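Student: Dropping the structure in here first, questions after.
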Amino acid sequence: MGNKRNNLYEFEEFVLNAAERNLWRDDELVPMPPKVFDTLCMLVENHGVTLTKNEMLGSIWGDTFVEENNVSQNISNLRKILGKDRVFIETVPKKGFRFVAPVKTVSLDEFSYARSGGNGFIVARQSRSNVIEESTVEREVHDPAGSSIEPTRKSKRILYLGLGIALVSIVVLGAFAFRLPSGRTIKSAIPTASFDYIDLTDSGDVTMSTISPNGKFVAFHNDKSLRLMDLETRNDVGIEIDGEKKIGWIQFSPDGKWIYFRTRGNLRQFENIYRISKFGGDAKQIAKDTWGRFSVSPDGRNIVHYARDATNSRHQVVVKEIDTGNERIVRERPSANGFNILGPPVYSPDGEKIATTPSVNRGLKAKISVLHTSSEKEEIIETEFISIRQMHWSPDGKSLFLIAHKKGQTAQIWNVSFPEGKTNRVTSDSHAYRSLSISSNGRLSANRLYIYSNLWILPEGDITRAEQLTKGENEIGGLVTTQVIRNGEVLFSARRDAEARMWAINIETREQRKLIEKDIGGNQQFGYSKKLDQIFCEFQDAIWKMNSDGTGFQEVELGDADKFSQPAVSPDDKWLYYVKRVDKKAMIWRSSLDGTENELVLDAKGFSPDNFLRISPDGRFLAFNYVKPEKIGDDRTTSRNIRQFGFLDLVGDSGVKVIEVPSHNTLISWTEGGKSFDFPGYVEDGTAVFRKSVLDDSPAREIVRIDNEMIYRFGWSPDEKNLIIARGNHKMDVVLISPRETKE
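In terms of the numbering used here, the sequence shown opens at residue 388 and continues consecutively.
Here it is, written out as C-alpha cells:
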C-alpha cells in the first residue's frame, strides 16, 4: 500500500491524509485513536470492497492476538466520529464491512504550496521517540483585484492537510489575520491558539495527575504508587511515601518543591491533607477531616477547601493557613443550594479571588461563582453546561479552564473568559477528561478516560458458563440497571453515541430494541409491574411510566416535590415505592398502582435513603443506600470501599437495620427469597459478587469472581437461575496539552 499512503482521500466533507495520519472535517482536525484511524484508512483505501474481520485483524494488528470484537468496537467508534445519522460504513452480514461513500483519490505529489517571506506559523509533531520536528509553513495570499478573498472550503482543506500536523485534537480560539499588500486584512480559519496533544502514559491505570507550575514535571499515581515524570526526557520515577497512606487528589506547591495530597476516600467523607517533598520521604499532615478536594494559594501559605457543617446544614468555603493551622470561613451557603464538590475551589493567580461551583437543581445550567477574598463581592458567570467537574484559572487570570459536560456529551475541556463568560472549546472527542491542571506557561495536563463494558449472563452464577449478551462499544459502566421483564427480556440502560437510552434484550435470541428516544441520564433504576406490563423510571426529576413495548411514556402524578426518584414495584404488584425530596430532605413514599392511595413509609431523620430502593421477594424488607453526613468506618485508607445499606422492616416494627459491607458500589440484588442480598466488592486483581444474610451477622461469602474487570451493575432473574452482569473496565492516561506557538 506504499503508493496509496501518499494519497489524499475525499469523501463528503472529510479529507483523509493517509501519509500524515490525520482526518479533517472541513477545517477541523478530527481526533481518533491510532487503531481506529488504521481501521478507517484500510476501509477508505479499499472503498467499495468488502473486508472480512480476519483481513482487518491481520492488517491492523499483525501477529498480535486480539479478539474479533476489537474490529467491531473500532467500527462503532468510527460511526460515531463520522456521524451516527449517516451511512459511510456498511455491515455485510456474515462477511464483514465495506466503505460505501463515494471517495475521490488525489495524489499529494499533485499539490505544491506557495512560499513567501510573509506570514507563517510553527507546527510541532511529537513521536513516541520524543523527537520534535518543527517546520514553518507559509502561504501567499494574492488579491490582484484588491478585493477581499475568502478561500474555498476545498482549497482550505487541502492546504491544512499539507501542513502534516499529527495532532489528537484542535480548537479554534481566534482567527489569524493575513495582511494584504494594500494593508487590509482578511480572516483565515488558521487559529491564533491551538494545541498539541502528547500522550504521556499508556498504562491505562492512572488515577490522578497534576503538572508542576514551571511545566517541567507531571506527578501522577495509580493504586500502587506516586510517580514523577520529567517532561523533557519522559522518564518517570517512583516517590516513596513513608507510612500506609492511600493517595487521592494531588497538587504541586507553587514553587514546585512539594506535592500536596488528600487521602483517598469518598468526597463526601472526611479525609486528611498531607504534604510531601517531590523526592519522597515523610508526609506532613496539613489539614484534618477535610471535605472534598482542595487547592493551594499562589503564595503557598494557604489551602482552600469545602467544608460541611452538618449541625446547621451549611456548606462552607474554608481557607486554612498552612503554618499556623488557623482557619477562616470565606463564604457559606445553605446545604440546600451549597457547593458542587466534584472539583475544588481554586485560587486566581493573584490570590485575590476564589472560583467555586454552586450546586444547582437538575435540569438547570451550571454556574461559576467567583468570590473575592478581601470583601463580600461575588461575581456569577452563567454557563452552557449541565455540570462542571473541575476548574483552573489561566496563568493571566483572564479566563478559566473547565472540565464540563454539555447535554449528551462526555466531559470535555473548555475555556471560559472572565468576567465575560465567553466559551471556547479546547477538546472535542468521544473520551472524557479528568484531573485538569495548568502550568505558568500555559501547558495543560489532564487524564483522558475511556470506559467500556457489556452485559453478560451467567447461568446459575457460574462464570465458566458465562455468555456475552451485548457486543461492541457500550458505556454501561455505572449506568446500567438490569431487570428481567416480559418474555425473558432484560431491561438495561446504556450510554451509546454520548446519550443514555433504555434498551431491552432477549436472553435467547440476543435481539435488542430501544424503548424510547429519551436521554434518561446516568444512574438509573427501573421498576416493573408484571400485572400492568409497565416500566417505571426516573426522568427530569419525576417518575415516568411506559408500556413494555416503549409506548405510552407519561409522567406519574405523585404531587409536588423537588424531586421524585428510585421507583420500585412491590412483589404483590400493588405499590409503587419511591424517594420524595422536599428542601433536600428525603422521604420514602408509596402510591398504589391504581392511583387511589398515597402513603408516607419513612420520614428519614439523621440519614438519607439514596441510590436505589429494592423490595425483597417476600415483601418483608425495603433496602436502600443508607447515607449519613459523617464519615463511614474508622479506616481512612478503605473508607471509599465501605457502604452502609439500610433495611426497613415493612411487616414488623423493628425499624431500619443497618448493615455495613466492603462494597465498591451502591447496589444490591436480593437472593434466597429475601433472606440474603448480594453486593459487589473488590478482590485482588478483580471484582466479585458477595452474599450476606440480612437476618444474622454471619460474614459475607464470595459467589462469583471476575478477574481483571469491574462489575458495574448486576442482578438476578426473578427465579434466581440467571445472573446478569455489566462487566468491563476503564482506561485512564495522562495527556499533555501544549499551546502551539504562532509566528507573526
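The beta carbon of each residue, even a glycine, is placed where N, CA and C say it ideally should be.
Every value quoted in this text rests on a predicted model; they were computed, and no experiment measured them.
1. Opposite phenylalanine 1077 in the DSSP bridges: which residues?
2. Spatial neighbours of arginine 888 within its chain, please: CB distance less than 6 Å, with the 5 preceding and 5 following residues excluded, ordered by chain position.
3. Would DSSP call threonine 851 helix, strand or coil?
4. Considering just the uninterrupted stretch of the alpha helix (DSSP H) at valine 1126, what are its terminal residues?
5. Kindly indicate the opening and closing residues of the beta strand (DSSP E) around serine 596.
6. Can you check whether the CB of valine 1014 is closer than 8 Å to the CB of serine 1041?
7. Check phenylalanine 1034 in the structure and name its three-state DSSP category.
8. Look at the alpha carbon of lysine 422 and the alpha carbon of cysteine 924, and state the distance between them as a whole number of angstroms.
9. In three-state DSSP terms, what is glutamate 400?
10. Between serine 781 and isoleucine 825, what straight-line distance do the alpha-carbon atoms span, to the nearest angstrom?
11. Would you tell me roughly how many angstroms separate the C-alpha atoms of glutamate 400 and isoleucine 585, rounded to the nearest one?
12. Hey, is phenylalanine 1032 close to the ligand FAD, as in C-beta under 7 Å from one of its heavy atoms?
13. Identify which residue in Gln927, Ala929, Asn934 and Ile930 has its Cα closest to the Cα of serine 916.
14. Counting only runs of 3+ residues fully inside the segment 622-700, write out the beta strand (DSSP E) ranges in chain order.
15. Cα separation between proline 846 and valine 1091?
16. Taking only three categories from DSSP, how would you classify glutamate 766?
17. Anyone know if the C-beta pair for histidine 692 and arginine 680 falls short of 8 Å?
18. Pull up the distance between the alpha-carbon of valine 474 and that of serine 463, whole angstroms please.
19. Should proline 1049 and isoleucine 1098 be called a contact, given that it needs their Cβ atoms to be closer than 8 Å?
20. For the candidate residues Glu984, Val747 and Lys918, whose alpha-carbon lies nearest to that of glycine 946?
21. Tell me whether the segment 996-1010 and the segment 1051-1068 touch, counting them as touching only if at least three CB pairs, one residue from each stretch, are closer than 8 Å.
22. In terms of residues, what are the limits of the beta strand (DSSP E) holding leucine 823?
23. Are the beta-carbon atoms of aspartate 816 and proline 418 separated by less than 8 Å?
24. Nearest-angstrom Cα distance between glutamate 876 and isoleucine 598?
25. Is it the case that the Cβ atoms of valine 956 and threonine 588 are separated by a distance below 8 Å?
26. For glycine 939, which option in Asp920, Gln927 and Pro954 has the closest C-alpha, if you only look at C-alpha atoms?
27. I need the straight-line Cα distance from methionine 429 to isoleucine 468, nearest angstrom please.
28. Have a look at proline 420 and isoleucine 1112 and give me their C-alpha separation to the nearest angstrom.
29. If you drop the 5 nearest sequence neighbours on each side, which residues of the same chain put their C-beta closer than 8 Å to that of isoleucine 930?
30. In angstroms, rounded to a whole number, what distance separates the CA positions of glutamate 739 and histidine 759?
31. Just the Cα atoms here: how many angstroms apart are glycine 635 and phenylalanine 913?
32. Along the chain, where does the beta strand (DSSP E) containing glycine 483 start, and where does it finish?
33. Count the other CB atoms, across all protein chains shown, that sit within 10 Å of the CB of phenylalanine 772; report buried if there are 16 or more and exposed otherwise.
34. Given a threshold of 16 other Cβ atoms within 10 Å of its Cβ, counted over all protein chains shown, does isoleucine 367 qualify as buried or as exposed?
35. Tell whether a beta-carbon distance below 8 Å holds between phenylalanine 486 and valine 431.
36. Go through its chain and collect everything with a Cβ distance to valine 624's Cβ below 7 Å, but skip five positions before and after it.
Tutor: In short, the structure shows the following:
1. Phe1066 and Glu1089
2. Lys901
3. helix
4. The sequence given here has proline at residue 1126, not valine. Not the alpha helix (DSSP H): proline 1126 falls in the beta strand (DSSP E), residues 1109-1126.
5. 595-598
6. no
7. strand
8. 38 Å
9. coil
10. 7 Å
11. 27 Å
12. Among the components of this structure there are no ligands whatsoever, and the ligand FAD is therefore not found.
13. Asn934
14. 622-626, 634-639, 645-650, 657-664, 671-683 and 689-696
15. 12 Å
16. strand
17. yes
18. 12 Å
19. no
20. Glu984
21. yes
22. 819-825
23. yes
24. 48 Å
25. no
26. Asp920
27. 16 Å
28. 28 Å
29. Phe923, Cys924, Glu942, Val943, Leu945, Phe951, Ser952, Pro954, Leu963 and Tyr965
30. 6 Å
31. 33 Å
32. 483-486
33. buried
34. Outside the displayed span of the chain (388 to 1131) sits residue 367, for which this structure offers no information.
35. yes
36. Arg614 and Leu615
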